[in-house]
Every structure is written in structure tokens, then in C-alpha cells.
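**Student:** Each protein sequence line maps, in turn, to chains A and B.
The numbering used here puts the first residue of the first sequence at 1101, with every later residue one more than the last.
The numbering used here puts the first residue of the second sequence at 3, with every later residue one more than the last.
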Amino acid sequence: MRYIFKFPDIGEGLEEGTIVEWHVEKGQTVKMGDSLVTMETDKVVTAIPSPRDGIIAAKFGKVGETIHVGSALVEIDIAGIDGEAAVAEASKPEPVEEEGAGVVGTLEVAGNNAVLSASKEGLSAGTAKLEKSERVLATPVARALAKESGVNINTVTGTGPAGRVTKEDILRYISDSTKSSTSQAQSKENITSDELKLEIEPLTQIRKTIAKNMIQSKHNAAHMTVFEEVEIAELDRVRKRFKDVYSNEGIKLTYLSFIIKATAASLKKFRALNAEMDMERGNMIYKKYYNIGIAIDTPKGLVVPVIRNADRLSVKEIAKEIQILSDKARDGKLSLDDMKDGTFTITSYGSIGGLFAVPVINYPQAGILGIGRINNKPVVKENQVVPGLVLPLSLSVDHRIADGGETTRFINTIMGYLADPVSLIME
Amino acid sequence: MFNEYNPINNKEFQILNHKGKIVDKDLMPVIKDDDLLKAYKDMLFARTADLQIVSYQRQGRIYTYPPNYGQEAISGAVGALIRDEDWLVPAFREMGAMLAKGVTLKELFLYFMGYEDGSKFSKAKKTLPISVPIASQFLHAAGLGYAIKYKKEKDIVYAFVGDGGTSEGDFHEAINFAGVWKIPVIFIIQNNQYGISTPTRMQTASENLAVKAIAYGVKGIKVDGNDYFAMYKAIQESIKICESGEGPVLIEAVTYRKGAHTTSDDPTKYRTKEEEDIWDEKDPLKRLKSYLITKKLWSDKDEEKIVEQYKVEVDRQFIEAENYGPYPKEDIFKYMYAEMPDDLKEQEKEYERFLEWKASRSK
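1) With a threshold of 8 Å, are at least 3 pairs of Cβ atoms found where one atom belongs to the stretch 300-312 of chain B and the other to the stretch 82-96 of chain B?
2) So which of A:A1322, A:S1414 and A:G1382 has the shortest CA-CA distance to S1357 (chain A)?
3) Could you tell me whether the Cβ atoms of K1416 (chain A) and T1304 (chain A) are closer together than 9 Å?
4) Between which two residues does the alpha helix (DSSP H) harbouring V2 (chain B) extend?
5) Does Y1103 (chain A) come out as helix, strand or coil in the three-state DSSP assignment?
6) Excluding the five sequence neighbours on either side, which residues of its own chain have a C-beta within less than 7 Å of the C-beta of E1328 (chain A), listed in chain order?
7) Taking the runs of the beta strand (DSSP E) that are 3 residues or longer, which of them lie wholly in the stretch 1109-1193 of chain A?
8) Can you tell me where the beta strand (DSSP E) holding S1494 (chain A) begins and where it ends?
9) Between which two residues does the alpha helix (DSSP H) harbouring G167 (chain B) extend?
10) Which residue wins for smallest C-alpha separation from A1518 (chain A), given the options A:I1407, A:T1508 and A:T1363?
11) Just curious, the beta strand (DSSP E) that F335 (chain B) is in, first and last residue?
12) Hey, is E1112 (chain A)'s beta-carbon within less than 9 Å of any beta-carbon in chain B?
13) Do we get a CB-CB distance below 9 Å when we pair V1404 (chain A) with the residues of chain B?
14) Out of curiosity, what's the CA-to-CA distance linking A215 (chain B) and H142 (chain B)?
15) Quick check on the DSSP output: the beta strand (DSSP E) that includes E1331 (chain A) runs from which residue to which?
16) So which residues of chain B does T1138 (chain A) contact, with C-beta pairs closer than 7 Å?
17) Under 9 Å, Cβ to Cβ, is there at least one residue of chain B near T1118 (chain A)?
18) Please classify T1543 (chain A): is it buried, with 16 or more other beta-carbons within 10 angstroms of its beta-carbon, or exposed?
19) In its own chain, which residues sit with a C-beta less than 7 Å from the C-beta of D119 (chain B), not counting the 5 before and 5 after it?
20) If you measure from the beta carbon of V1144 (chain A) to each beta carbon in chain C, is any gap under 9 Å?
21) Taking F1358 (chain A) as part of the alpha helix (DSSP H), name the residues at either end of that continuous run.
22) Can you list, in chain order, the stretches of the alpha helix (DSSP H) that have 4 or more residues and sit fully within the stretch 222-301 of chain B?
23) Just mark D1441 (chain A) as buried or exposed, buried being the case when its beta carbon has 16 or more other beta carbons within 10 Å.
24) So, does the CB of F1105 (chain A) fall closer than 9 Å to a CB anywhere in chain B?
25) For M233 (chain B), which of B:I295, B:E14 and B:N5 has the nearest alpha-carbon?
26) With 9 Å set as the bound, which would you pick, yes or no: does the beta-carbon of S57 (chain B) sit closer than that to a beta-carbon of chain A?
27) In terms of residues, what are the limits of the alpha helix (DSSP H) holding N1313 (chain A)?
28) Roughly how many angstroms separate the alpha carbons of T1447 (chain A) and S1426 (chain A), rounded to a whole number?
29) Name the chain A residues that come within less than 9 Å of S266 (chain B), Cβ to Cβ?
30) So, at 8 Å on beta carbons, what are the nonlocal neighbours of E276 (chain B) in its own chain, with the 5 sequence-adjacent residues on each side left out?
31) Whose C-beta lies closer than 6 Å to the C-beta of S1283 (chain A) among residues of the same chain, with five residues either side of it excluded?
32) What is the DSSP secondary structure of Q59 (chain B), reduced to helix, strand or coil?
33) Between the Cα of F48 (chain B) and those of B:L101, B:V80 and B:I17, spot the shortest distance and give me the residue it belongs to.
34) Indicate whether P135 (chain B) and V187 (chain B) have their beta-carbon atoms separated by less than 9 Å.
35) Using DSSP bridges, identify the partner residues of Y339 (chain B).
36) If we cut at 9 Å on Cβ distances, does P1261 (chain A) have a partner in chain B?
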């Protein structure tokens, strides 16, 4: 007998969770209480233990996929359990479900039984083309694909859990029918090959958050960007001088450490750039603390941890902080505390490439500074063309908060510090 | 003892330190080896059950649950000293004390599965049901205490609240009332450092929580709540005070919630691993265990063996609760009023119509 374990509501009113990590493989024997999978939800990130002893017959969903509460998570073969547990198993009332939700959307659940017959995994599809009168079980992706391809989904045999029609079933059905009906081959072939080129993946939690934040910023802030270049030969000399000393202490001294220091010092002089606007109450909120967010590129997406009170930290302390936060970001260990209360953001895409950009403000902050790729190019010094080391800067501000004059004076100040790093310690 | 540990001096009463060493021989309570061993085993059983319940919840087999993990010594000491004739007024993190009174695990499971029967204790006498509204427990206890005094009985009331509960009006009203009427109530604050995510330092500007007793004119003491002996001794002394008609007593039991506030909470969002490690060193079971091992009363082997037995017993009672059968409709409507008011009758009818509709749909 197989038991479908549905993703439970583990936190008072949850709707869904994202698979972080699987702890079991198909065919693996599990005991009640053994960890099956780690799920990320709005409330907690936690391991989900098995409710039964048995053998894993199927896992539903890949890492990064969203599972709705009440939809299948794991299928466990609980046959052959003897003794007391099995008796209790049999006498246990089946939970009554009104409707379930599928891996990527709402779908119907077969009957009211949590214990279903074995799934027909591996059976060839597309053979039985009898039309069923009832609405068949199918994933939303399969339904959408069927509709687009003009396939009557009721004629497709499902191979998913409880006979559910999957995307693969539809694709197999299409390729089978094109093989059999050569007359339509030409036109069908075009459609199917196009369909095969699509890969539809559900949005991860982090991607949803990024999308929401970007839209909110573009919708609410009046973006204005100014571009500049600053010659940083002197800064480079200072950095090179201390780099190895710091490196012996395990600290990586980057240009970014200096830029953060310079930005924090400049923010203290231009309060509008460290402010936010509360239009509802008609207030401008000037912040007397300087927490600089740094945008970090991770395999899962963009995260922005915050260096707190950057104005009070030395360049060395900032370098240390950057390292700690980057390590945490890479390991996916950033906590909410690491990412909240930023007052200004720096994004240094230049370490990957790109000279100038139009960065999107980390709303409701007033500005974001983009750091471009540092490059060698000729500069004019004392009427002589000499080789120079040039850092491109792109500063986006919320024009509701900061005017043009203030914005350019702010970037000039940052450039002043970077061109002459000694002035930073004179502050 | 209450003078020596006047909370105004912010001195925490401790007998067994976190290394399992006795640091205050003079105040060490006299406990027979067998009784001590039983107390340890009771706490171990509560911990085993507690950890397993969190797992059941994650399996979707039980609703929201507030873990006791790390706070077992407080309930353990109360459990060892509370008598049948005494009243227990639990909040929701006192499993050990409830089990000691005779509440069964199965009944607790039923409660967390949403059954009314989970509050109907078959064996436990004079035990109020779990009360979730914060600090309401102290008012209930004050009422019971007043009744005891009025009826000239000898019972004592044990009531629990968390550190967050000390910010409620109920807390003030109850202790103030109890102080005026000198009623036999032992008010116990389980200061587990957080009211959900609010740390104790954000909860009050007072030096500690026990110091609040002074304002009410009652005896108070701050105790290491992870020290079984200190808790035992503090309660023993509190009983004497209550019996001499000088109650109530306010005990601040300093402990740490090693688990989450409830299964819907993620403590990593508001506290650090370093902090958890520090408190792990002070764990109540660890230190009593090392004391018992030094006294050759216990061994790792004994523990391993008995935990396995406990796990089986916890599962057994859980499966019994899981098979308890459908939830009677009356439980939702019938028990609040002697005679059901019209609007409630209307709601009951509406619910019946919903059930019919649901049944017709699943055919």
C-alpha cells in the first residue's frame, strides 16, 4: 500500500513552501520521524519528518520548486509493516480533503483517500485515447500546454501520482500522434518543436521578492542617474601597500571597502541622500545612522546585506564585514537582521564587467551607487596625457528626494575622497 | 533565604552550577536518591515527548505547539512537590508539572489536536486546563487562592506565566490582589528570555522580574530556573510561607527556551547561535545528569535505554490520540452557556448545512 504524504500547514495559515533540500532518495527506507526534506516557508525553514515507516516510492518536486500546502510531497510504500503500527495504520481515519493544490497550482485530488493505489509510473502513455467524461487530474502546466497545442487533455493517460497528467504526458502524446498521423505532420511538427524549446519553471521565493521590490521601486521613485569617472591611482597605491599586511590577517582589502567608507562620509554631509520620503504623512525622514547595503550576486539571485554604522567603522573593519556578509550570502546563511535597516546601497557590478549602468534604487532608500569596471586609460594631468586608473561611477537617486545640484555635489564629494584617500582619515 | 536573596540585590539563587557542582551546600535540599532519580527521569520523559511533538507537528499530525525544551527543571521541581490537594494553573509550557498532576500525554495531544476532551483530565485533580491568553493564569490563581482562604483550606495554588506576561495588566491585578489578601499562591514566572521575539531587556526597565514583588509587598526571589535543586528549595520555602499565611510568593525562574516560541516561529531570526551555545551549557538536564553520574546513580547507558522506551511510549499515546475519532459537533457549541443563545443556535444550524453540503460534494 502506498501513502501519499501531503505538505502540511506547519505554521498557522501557510499556503506554500519551497523545497530547499531533499534528504531522501527514491527507494530509500525511512522510519517515522526521519527527515525527508527541508522546506522554506513564510514562517520557518525546517526539516519535514516522515509520518510513516516505509520505502520512498516517489518525490514530488525539485529543489527550488514551490509546493502548495495540501499537495503531494512524498509517496511512501508502507506495505509490509507488521505489528501494532500497522493495526493503528489501518484503523486511522483518512483525512477528508475538500480540494488540494498541486506542485505548481491548484488541482483536483482523486477521491478523499490519502492512501492511493500505486502510481502508474513508467507505463507508456498515449495508448488509451478513450475520452473520459470527468475532468482529469492534471498539473496546471500540463493543462496550459494541452490548451496551447490543441490537445484534448481528457484523452491523455496520466502517469503522475494518482493518474495525474503531467507536462511529459502531453509532450509524449503530441509526439506519438504526430508519428501516427503523417498527413498533419508538417504543421504539427512546427508546433511541437516550439513547445519543446520552452522550459517553464516556477518562481523561487527569492525571485518573487526581487521582482516585487524592483517593481515597487520603479513605480514609486523618480529615478535619475548621473555618471562620473574618477582617477584612483593614489587609492590603488594605498590599497597595494596594505593589501598584503591585511591578507596576513585573513582580510581581503578591496576597493569596495574604501568606496563604502567614502560614501558613508559623504552621506553625513548630504542628508537628503540618506533619507526617505513618507508621502502619506507628508514627511521627510532623515536618518542619523549610516547603514550601507551591498548588492551581492549569488547563484540563487541578488541579496543585499547591510554594513551597519559604516561611518563609524575603519576601512579594515569594513573589509572584514564585507567578507563575513559575502560568506554568509554564498552559504545562504543571511538572516533577516543582516539585510534590514539599510539607508543607502552600493552595487559593484564592475567586478564582473560593465562601465556604466542605471541602477534601480533599493526603495525606499534615496540612492544607489553603481561601481563600474576599473580600467586603465589615458587621462590628462597638468596638461599632459598620462596613463591613469579610472573608476566609473553611476549614481541613481530618487529625484523626489534629492535635487540635481545636491546629487552632483554628493558624487563630487565621494570622488574627492577616492581621488585623495588621505582626506578620508582627516574627516 | 528570601532576605539573603532579596531581588533588589539582583542575586540569582543557585545551588547546582552548570558544571554539575554544588555551590551552596547550606541550602541544598534533602532529597532521597530514589526521588531525585525519579525527578530526573520525569524531566527526561517530558523532554523526549516535547521533541517528538515538534516532529509530529512537522508531519502535519498535530497543530501549533509551544515547545518546553530547556525549561524542564521548573516544571520538574513543581511536579515533585505539588500534592493532589494543590491547584495547578498552567500556562502552556508546563508539561512536566501537568504530567506530575496526572494529566496524560494523550490528553495533552488531544488538546493540541483541537479536541475539547484535551482539557478534560481523567485522573488529574485540581488542574486547570491550558490557558493561552497571556497572564490570565495569574488571575485564575488569585481567584482560587481567595476561595481557599475563604474556605479555610490548606491547599496551595501554583500558577505560571512567561516573562512577556509580566507586562500584562492581569499580572499586576493578580499579584496586587493576592498580596492584599495574603492568599496561598506561588506565582512562577518562567523567564525564558523572550516573549516570542522580544528579549527580556525590552520587556521591562526593572532590574529583574522578581523585584516587582517588592512593590506588591510580597516575598520574591530570582532563581536559576535551570537548577533543579534551587527550584526545589525555592518552592519548598515558598510552601512554608504560604502555609504560615504569609503568601503569596513570586518566583522568577531564569531559564532559556531552547526551542521556538511555537512551531510557527523561527528563533534564528532574532537570536544568535553564540547565545544559544552559552545557554546550552546551562541546560537543566545536562547539569543534573552530570551530578547523578558523579553520584553513580545514573549512566549514559541507562539514559540511552530509557529514552528508547520513552519514545515508544510517546508514540503509543500519540497514535491513541490520533485514533480518537471524529470531533463531536456539540463540543464547538454546547459548553459555553447553560442555555444556548439564539445567535449561537443559528451558527450551529449554519454549520450543519455546511456539513451536509460537504457530504453531498464528496459523493
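Glycine is no exception: its CB is placed at the ideal position from the N, C-alpha and C atoms.
**Tutor:** Looking at the atomic coordinates:
1) no
2) A:S1414
3) no
4) Summary: the structure shown does not reach residue 2 (chain B), with chain B confined to residues 3 through 365, and so no result is reported for it.
5) strand
6) L1493, I1511 and M1515
7) 1116-1122, 1135-1140, 1145-1149, 1154-1159, 1166-1168 and 1172-1177
8) Q1484 to D1498
9) Counting along the chain, G167 (chain B) falls outside any alpha helix (DSSP H), and DSSP gives it neither H nor E.
10) Reading off the sequence, residue 1518 (chain A) comes out as Leu, not Ala. Selected option, being the one with the closest Cα: A:T1363.
11) F335 (chain B) -> not in any beta strand (DSSP E); alpha helix (DSSP H) instead, spanning E332 to F335.
12) yes
13) no
14) 18 Å
15) H1323 to E1331
16) Going along chain B, no residue has its Cβ under 7 Å from T1138 (chain A), so there is no contact; the nearest lies around 11 Å.
17) no
18) The structure shown does not extend to residue 1543 (chain A), since chain A spans only 1101 to 1527, so no value can be given for it.
19) L112
20) Looking for chain C here will not work: the only protein chains present are A and B.
21) Y1355 to K1369
22) 230-245, 275-283 and 286-296
23) exposed
24) yes
25) B:E14
26) yes
27) Q1305 to N1320
28) 13 Å
29) I1110, G1111, E1112, G1113, L1114, K1143 and V1144
30) none
31) Its pLDDT being 48, under 50, S1283 (chain A) is placed unreliably in this model, and the value from its coordinates should be taken loosely. Answer for S1283 (chain A): no residue qualifies.
32) helix
33) Just to set this straight, residue 48 (chain B) is Ala in the shown sequence, not Phe. For the residues B:L101, B:V80 and B:I17, the minimum Cα distance to A48 (chain B) belongs to B:L101.
34) no
35) DSSP lists no partner for Y339 (chain B).
36) no
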